[in-house]
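Reviewing the structure listed below.
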Amino acid sequence: MTDKRRECFLDILRIIACFLVIVNHTNSDIFLNTAAGSLTWFASLTYFFVSKIAVPIFFMISGYLLLGKIDSTKKMLQRIGRILVALIGCGVVYAIFDTYYMKSDPSVLTAIKDFLFIYFDSPSNALWYLYAYLGILLMLPFLQKMTSVMTKRDYHVFFVISVLYYSVLPVLNHYVNLITISSEIKLPLFDGTILFLFIGQYFARFGIKKTRRGFCISAALYLLTLAFNVVATYYEHIRFGYNYLFFDNRIYFPILLQSVCVFYMISFVKLGEKTERVISYVGACTFGIFLLSDMNIGFLKFIFTGLSANIHPLFAVVIYEICVFVIGGVVVSLLRMVPLVKKVL
């Protein structure tokens, strides 16, 4: 696979993941406020589980690009600096937004002070990812050294341990209490974030073997795991009532498999040169769109409110999500005209 094709493939994944983040932050109100078991409830819940691959896709892209090599200290510090600037800058912007638009704090200065000096915690749903990514960057020098010498067999052993311990065993224990694991047994190296990073690097290092059979199996597996999530969640509702989102966990095997299948299937996409340039441009804007998404969701909520009074809420929310993405893209495109801002966004 050429670098150009690879970058286009990754940009398509970035665009999909970015849009699905917006879906994840807007759609759930529909099924949470609809009678369980209705057609609207099932449709919204299905859409909800479609969106859950967003974060795993972002992590796999990071693993694809960042692991398997050893970067200089300067490059490492530049990455950390960029994320810190984005995090602090967006944190301050969201503090102002919450004060004046959401009216959540009596003083904008108090909100900014609390964010910078007391909590340094996520001021919006979208920004939690930056904290997670910052943690990844701090571990990156060690992860790069590990993956640069790992063999294919090493990866396979890693995947087996990680998937069994974090993806399969919790689900089995939820239903049959198969085995009780001591809380003293901790495997942080094998947790979900590292697993997705390593899956991405596995694809980068050993290549993606693209066959029609592989695509068909991936498509079927994606649909089966998506259906499993919806049916199992309905069962959870029958069993537990309102506390039914047990499978809303990206490391559990259904969402894990969905994410890997989508990553694999998108690698098949082939586009013309002009289309690739457009995809590359939009892909470069996705980080900024993601950062501004919660703010735009708040500003543009009137679109959903107005539309849902006249059309089905699912159609209304899709139009609303498209508007959030497109308007966010326009704003980010304008901001990226400023050289210093472009370095961050």
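The sequence shown begins at 72 in the numbering used here and counts up by one.
Even for Gly, the Cβ is constructed at its ideal location relative to N, Cα and C.
Remember, it's a predicted structure, so these values are computed and weren't measured experimentally.
> With a Cβ-Cβ cutoff of 9 Å, do SER238 and LEU316 count as a contact?
Replying inline: The residue you call residue 238 lines up with position 167 of the sequence shown. The residue you call residue 316 lines up with position 245 of the sequence shown. With respect to the 9 Å criterion, SER238 and LEU316 are not classified as neighbours on the basis of their beta carbons.
> From TYR305, ARG310 and ASN300, pick the residue whose C-alpha is nearest to that of ASN320; which is it?
Replying inline: Mapped onto the sequence shown, residue 320 falls at position 249. Looking at the Cα atoms, ASN300 is the closest of the given residues.
>> Given this structure, state the Cα-to-Cα distance separating PRO410 from PHE90, to the nearest angstrom.
In response: Position 339 of the sequence shown, counted from the start, is the residue given in the question as residue 410. Position 19 of the sequence shown, counted from the start, is the residue given in the question as residue 90. If you take the alpha carbons of PRO410 and PHE90, they lie about 25 Å apart.
>> For LYS145 and PRO212, I'd like the C-alpha separation in whole angstroms.
In response: Your numbering for residue 145 matches position 74 in the sequence shown. Your numbering for residue 212 matches position 141 in the sequence shown. Cα-Cα distance, rounded: 12 Å.
>> Rounded to the nearest angstrom, what separates ILE337 and ILE93 at their Cα positions?
In response: If you number the sequence shown from 1, residue 337 lands on position 266. If you number the sequence shown from 1, residue 93 lands on position 22. Between ILE337 and ILE93, the alpha-carbon positions lie close to 20 Å from each other.
>> My parser needs the alpha helix (DSSP H) runs of 4 or more residues fully inside the region 324 to 352; what are they?
In response: Within the region 324 to 352, the complete alpha helix (DSSP H) segments at least 4 residues long are 324 to 337, listed from N- to C-terminus.
> Going by alpha carbons, who is nearest to ILE86 out of GLY399, LYS413, LEU406 and ALA275?
Replying inline: For this step, residue 86 is matched to residue 15 along the sequence shown. ILE86 has its Cα closest to that of GLY399, out of GLY399, LYS413, LEU406 and ALA275.
> How big is the Cα-Cα spacing for GLN272 and VAL228?
Replying inline: Working through the sequence shown from its first residue, we reach residue 272 at position 201. Working through the sequence shown from its first residue, we reach residue 228 at position 157. Counting only the Cα atoms, VAL228 lies some 15 Å from GLN272.
> So what's ASP74 in DSSP terms, helix, strand or just coil?
Replying inline: Reading the sequence shown from its first residue, position 3 is the one you call residue 74. Per-residue confidence for ASP74 stands at a pLDDT of 44, beneath the threshold of 50, marking its modelled position as unreliable; no derived number is given.
> Quick one: is THR346 buried, meaning 16 or more other Cβ sit within 10 Å of its Cβ, or exposed?
Replying inline: On the sequence shown, position 275 is the one that residue 346 refers to. Counting Cβ neighbours within 10 Å, THR346 comes out exposed, since fewer than 16 surround it.
> Hey, is the region 290 to 305 in contact with the region 259 to 273, meaning 3+ C-beta pairs nearer than 8 Å?
Replying inline: no
>> Tell me the rounded alpha-carbon separation between ASP100 and ILE390.
In response: Indexing the sequence shown from 1 puts residue 100 at position 29. Indexing the sequence shown from 1 puts residue 390 at position 319. Spanning the two alpha carbons is a distance of roughly 15 Å.
>> Comparing C-alpha positions only, which one of VAL388, PHE370 and VAL247 sits nearest to LEU378?
In response: Along the sequence shown, read from residue 1 onward, the residue named residue 378 stands at position 307. Checked all of VAL388, PHE370 and VAL247; the closest Cα to LEU378 is VAL388.
> What residue range is occupied by the uninterrupted alpha helix (DSSP H) comprising MET221?
Replying inline: Locating residue 221 in the sequence shown gives position 150, where the first residue counts as 1. Taken as a continuous stretch (DSSP letters only), MET221 belongs to no alpha helix (DSSP H), as it is neither H nor E.
> From VAL402 to VAL163, what does the alpha carbon distance come to, in whole angstroms?
Replying inline: Numbered from its first residue, the sequence shown carries residue 402 at position 331. Numbered from its first residue, the sequence shown carries residue 163 at position 92. Distance between the alpha carbons of VAL402 and VAL163: 18 Å.
> Whose C-beta lies closer than 6 Å to the C-beta of VAL333 among residues of the same chain, with five residues either side of it excluded?
Replying inline: Position 262 of the sequence shown, counted from the start, is the residue given in the question as residue 333. Closer than 6 Å at the Cβ level, and outside the excluded window around VAL333, lie ILE124.
> Near LEU406, what residues of its chain come up, given a Cβ to Cβ distance below 7 Å and the 5 sequence neighbours on each side ignored?
Replying inline: As a working mapping, residue 406 is identified with position 335 in the sequence shown. Cβ within range, chain order: GLY359, VAL412 and LEU416.
>> Between PHE130 and PHE119, how many whole angstroms is the CB-CB distance? I'm expecting something under 8 Å.
In response: The residue given as residue 130 occupies position 59 in the sequence shown. The residue given as residue 119 occupies position 48 in the sequence shown. Between PHE119 and PHE130 the Cβ distance is about 19 Å, and since that is not below 8 Å, they are no contact.
> Would you call THR251 buried or exposed, if buried means 16 or more other Cβ atoms sit within 10 Å of its Cβ?
Replying inline: By 1-based counting over the sequence shown, the position of residue 251 is 180. A residue is called buried once 16 or more other Cβ atoms fall within 10 Å of its Cβ, and THR251, having fewer, is exposed.
> Quick one: what's got a C-beta closer than 6 Å to LEU158's C-beta in the same chain, skipping five residues either side?
Replying inline: If you number the sequence shown from 1, residue 158 lands on position 87. Closer than 6 Å at Cβ, skipping near neighbours: LEU201.
> Excluding sequence positions up to five away, which residues of its chain have a Cβ less than 7 Å from the Cβ of ILE154?
Replying inline: To locate residue 154, count along the sequence shown from 1; it is residue 83. Answer for ILE154: LEU201, TYR204, LEU205 and LEU208, listed in chain order.
> DSSP on THR418, reduced to helix/strand/coil?
Replying inline: Residue 418 is absent from the model: the chain starts at 72 and stops at 416.
>> Just to check my reading of the structure: LEU214 and LEU268 have Cβ atoms closer than 8 Å, yes? What is that Cβ distance to the nearest angstrom?
In response: Residue 214 sits at position 143 when you count from the first residue of the sequence shown. Residue 268 sits at position 197 when you count from the first residue of the sequence shown. Indeed, because the Cβ distance is near 7 Å, the residues count as touching under 8 Å.
> Comparing alpha-carbon positions, which option in ARG276, LEU249, PRO241 and LYS281 lies nearest PHE318?
Replying inline: Mapped onto the sequence shown, residue 318 falls at position 247. Ranking ARG276, LEU249, PRO241 and LYS281 by Cα distance to PHE318 puts PRO241 first.
>> Could you compute how far the alpha carbon of ASP365 sits from the alpha carbon of VAL395?
In response: Position 294 of the sequence shown holds residue 365. Position 324 of the sequence shown holds residue 395. Rounded to the nearest angstrom, the two C-alpha atoms are 9 Å apart.
>> If the criterion is Cβ atoms closer than 9 Å, does the pair ASP82 and ILE350 meet it?
In response: For the purposes of this step, residue 82 is identified with residue 11 of the sequence shown, where counting begins at 1. For the purposes of this step, residue 350 is identified with residue 279 of the sequence shown, where counting begins at 1. The Cβ-Cβ distance between ASP82 and ILE350 falls below 9 Å.
> Does DSSP put ALA291 in a helix, in a strand, or in coil?
Replying inline: Along the sequence shown, one-based indexing puts residue 291 at 220. If DSSP states are grouped into helix, strand and coil, ALA291 belongs with the helices.
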